[in-house]
Amino acid sequence: MNPHPYDVVGIATPVAGIVVEEGRGALPFHLIHGESLVAAAAWAAGEAGVDLLDQTVPWDLVVELEQPLLLHDPLCPMTPPAFLRRCAERAAVEDRILVGVRPVTDTVKEEHAESDGGRSLGSTVDRDGLVAVCSPVVLPPSVVADLLGDGRLPATDFVALVAALRERYGADRVVLVEAPPTARRIGSEADLAVLEALTDPR
2 MNPHPYDVVG IATPVAGIVV EEGRGALPFH LIHGESLVAA AAWAAGEAGV DLLDQTVPWD
62 LVVELEQPLL LHDPLCPMTP PAFLRRCAER AAVEDRILVG VRPVTDTVKE EHAESDGGRS
122 LGSTVDRDGL VAVCSPVVLP PSVVADLLGD GRLPATDFVA LVAALRERYG ADRVVLVEAP
182 PTARRIGSEA DLAVLEALTD PR
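Everything in the sequence shown is counted per the numbering used here, starting at 2 for the first residue and increasing by one.
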């Protein structure tokens with residue numbers, strides 16, 4: 002396994018974690034630097050001191066741990082361990098939900114519905130206030146316990162999950178933290194090639 006471009010961090014607060022593969026198709030099993038994306042993501046979480054759990058572990062057992070729960074997206078496989086660790090520790094200390102995000106760099110257009118049922122593009126949206134959810138999403142122990150009644154996460158797609166958490170707990174309790182460039186999310190083979198070049202250790 003090739004190292005992430007950040008130093009491994011010291012271990013302190015116990016943190017549980019899950020690499021969320023559900024709903025991501027076959028892309029998590031594509032290779033980056035000779036390893037599957039899901040293996041790279043699991044390695045980063047392990048180096049961050051996260052005790053990884055299987056996604057099928059009953060929710061009540063996760064609650065009993067009384068630890069922050071770090072949800073890691075395998076489509077963000079090169080998220081640095083140090084960033085994962087800082088998010089987990091901050092969630093535990095502040096009792097807030099931490100979400101890794103990246104600035105939006107693509108051009109974004111408004112979309113309008115037409116009277117004939119079609120769609121048309123409008124003006125360009127100012128990107129300054131826009132972010133793209135990447136990884137991780139860290140739930141403090143109090144939120145983990147509160148979600149026990151539902152028996153599952155509100156969503157496994159991180160964008161939908163963050164939206165559900167903001168609606169349930171309020172925007173003030175969901176903290177968006179800018180992630181390093183290597184934490185960018187892969188959505189296609191082209192994205193994978195870019196991330197592999199960005200994190201090439203040579």
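For every residue, glycine included, the Cβ atom is placed at its ideal position computed from N, Cα and C.
Anticipated Cβ contact below 8 angstroms, residue i with residue j, distance rounded
i    : j    : result
A263 : G101 : Residue 263 lies beyond the stretch modelled for the chain, which goes from 2 to 203, so this question has no answer here.
D96  : S143 : 6 angstroms
Rounded C-alpha distance that separates residue i from residue j
i    : j    : result
T103 : P182 : Strictly speaking, residue 103 in this sequence is Arg, with Thr absent from that position. Answer to the nearest angstrom: the Cα atoms are 7 angstroms apart.
L162 : L154 : 8 angstroms
I19  : Q68  : 13 angstroms
V176 : L70  : 15 angstroms
L54  : S37  : 18 angstroms
R169 : V21  : 21 angstroms
P202 : D151 : 43 angstroms
T200 : V39  : 16 angstroms
R25  : A41  : 15 angstroms
L32  : G188 : 14 angstroms
D173 : A194 : 36 angstroms
E225 : D158 : Limits of the chain in this structure are 2 at one end and 203 at the other, which puts residue 225 out of reach.
D192 : P15  : 33 angstroms
Identified DSSP bridge partners for residue i
i    : result
A17  : D52 and L70
G101 : V178
V132 : P104
L38  : None, per the DSSP bridge assignment.
Residue ranges of each alpha helix (DSSP H) within the segment 157-202, 4 or longer: 159-170 and 190-199
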